[in-house]
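Below: the structure, in C-alpha cells.
Number of protein chains: 2
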Amino acid sequence: MRSSDVEAALRHLRDVCAAMPPVAALRVEVAGFDGERLELRAPLAANVNDKGNAFGGSLVSLMTLAGWGLVSLQLQLRGIVAEVYVADSQVRYRAPLHADLAAQAWLAAGESWDAFFATLAQRGRARLQLEASVPLAAGGVATEMSARFVAIAKR
Amino acid sequence: MRSSDVEAALRHLRDVCAAMPPVAALRVEVAGFDGERLELRAPLAANVNDKGNAFGGSLVSLMTLAGWGLVSLQLQLRGIVAEVYVADSQVRYRAPLHADLAAQAWLAAGESWDAFFATLAQRGRARLQLEASVPLAAGGVATEMSARFVAIAKR
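Protein sequence lines, in the order shown, are assigned to chains A and B.
Heads up, my numbering is the position in the first sequence plus 2, with the first residue counted as 1.
Heads up, my numbering is the position in the second sequence plus 2, with the first residue counted as 1.
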C-alpha cells in the first residue's frame, strides 16, 4: 500500500463525507488512517447534549461513520466499486465525554480483509464485523461499538 | 394525565431539543405523544447519505433521542428532576429509507413506568428498556432499536 494511494483514498473519503449534510452538520473530520485503524474527529461544540457532554446520537454516528469509512477506504484502495451499508450495531455507553470526539474503527478479531474481498468478488456481496470506540480524554473508553457492515458490488 | 400537562411537557422537551446543537442540525422535531409513544421527525434532506437514503447515524440518533425524550417526558409529567442517559443499544438496519424520518419510542414488553419511578424514588437511580423504530413509507420497518436508559435523580 503506497502512501500516495492512501492519501488519494483519504481525500476521496473526505469529499464523500463533506457532501453528506448530517456529517457536515456534525463537523466530522477524517483525521487519519494508520493502515489498520481509521480515525474520525468532531468538535464537542457541534455535538453537545443538554448535560454539557457528548450527545449519544453523535457518538454512535461518529463510530458508525468510522466503520463505514474504513470499509469504503479499503474498497477504494483496491479499486473496487461497491456500496457499503451498516447492517446492525451494538453500542455501550460507558462514561460521559466532556471533550472533543474522536472515533476509531478497526477489524474485529477473527475477520480478514482478504476473505471479505474474496467473497465480494465471488458473490457480489460480503459482510464484515468491525469494532469502534471513542476514548475518554483521561484514558479509558467513553463509548464502544461492534457493528456488521455489508458491501454490495456495483455491476 | 391532563392534556394541558402533556402540552407543557412537550413544549419543555422541544425547548431542550432545540438547544442541543446536533439535534438542531439534524432538524429534529418533537412530533407528538399519544400517552405511550413519543414520535420525533426529521427531514431526509438534512439526514441523507451518499446513496440518497437516510444516513445510519441519523436513524440511530433519532431513535436514541426518541427514547431519551420519552423518559424525560415521563419524568416531567411527574414533576421529577433527573438526568437521563442512554446506557446501551442494539440496532438493526433492515431496509434503506428514501423518505423523511419518523422515529417512535415506547416501553419494552415487561417494563413498567410505575416500577421505574418507584426504584428511582427509593434508590435515586433506575434503569429501563425501551424499543424504538423508524417505519418505511410503504409499510414495514427501516430500522429498529432496543436500548436501555438510566435516570439519576438530582438532589
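Built from N, CA and C at the ideal position, the CB exists for glycine as well.
- Query: Taking Cβ positions only, does T179(A) come closer than 8 Å to chain B?
  - Reply: This structure cannot settle anything about residue 179(A), because the visible part of chain A is limited to 3 through 157.
- Message: Looking at A97(A): is its Cβ nearer than 8 Å to the Cβ of G142(A)?
- Response: Numbered from 1 along the first sequence, position 95 holds the residue referred to as residue 97(A). Numbered from 1 along the first sequence, position 140 holds the residue referred to as residue 142(A). In this structure, G142(A) lies closer than 8 Å to A97(A) by Cβ.
- Query: Helix or strand or just coil, what does DSSP make of D36(A)?
  - Reply: Position 34 of the first sequence holds residue 36(A). Three-state result, D36(A): coil.
- Task: Name the residue from H14(B), V32(B), P24(B), V62(B) whose alpha carbon lies nearest to the alpha carbon of A144(B).
- Result: For the purposes of this step, residue 144(B) is taken as residue 142 along the second sequence, with counting starting at 1. When each option's Cα is compared against that of A144(B), the closest is V62(B).
- Task: Determine the extent of the alpha helix (DSSP H) in which P24(B) is found, giving its start and end residues.
- Result: Translated into positions along the second sequence, residue 24(B) becomes position 22. 23-27 is the extent of the alpha helix (DSSP H) around P24(B).
- Item | Buried versus exposed call for G81(B) [16 or more other C-beta atoms within 10 Å across all chains shown] | As a first step, residue 81(B) must be located in the second sequence, where it is residue number 79. The residue is exposed, with fewer than 16 neighbouring Cβ atoms inside 10 Å.
- Within the 8 Å Cβ cut-off, does G54(A) reach chain B? Position 52 of the first sequence, counting from 1, holds the residue named residue 54(A). No, because no Cβ of chain B sits closer than 8 Å to the Cβ of G54(A).
- Query: Taking contact to mean at least 3 C-beta pairs separated by less than 8 Å, is the segment 38-52 of chain A in contact with the segment 53-62 of chain B?
  - Reply: no
- Task: Name the residue from C19(A), L28(A), L75(A), P24(A) whose alpha carbon lies nearest to the alpha carbon of A153(A).
- Result: For this step, residue 153(A) is matched to residue 151 along the first sequence. Per the Cα distances, L75(A).
- Query: Which chain B residues are close to L92(A), counting only those with a beta carbon under 7 Å from its beta carbon?
  - Reply: Here residue 92(A) refers to the residue found at position 90 when the first sequence is read from its first residue. A quick correction: the sequence has Gln, not Leu, at residue 92(A). Under the 7 Å cutoff, chain B gives Q92.
- What did DSSP end up calling E113(B) once you bin it into helix, strand or coil? Numbered from 1 along the second sequence, position 111 holds the residue referred to as residue 113(B). If DSSP states are grouped into helix, strand and coil, E113(B) belongs with coil.
- CB-CB under 6 Å to M65(A), same chain, minus the five flanking residues each way: which ones, in chain order? Numbered from its first residue, the first sequence carries residue 65(A) at position 63. For M65(A), where only same-chain residues beyond five positions count, the Cβ hits under 6 Å are A105, A134, M147.
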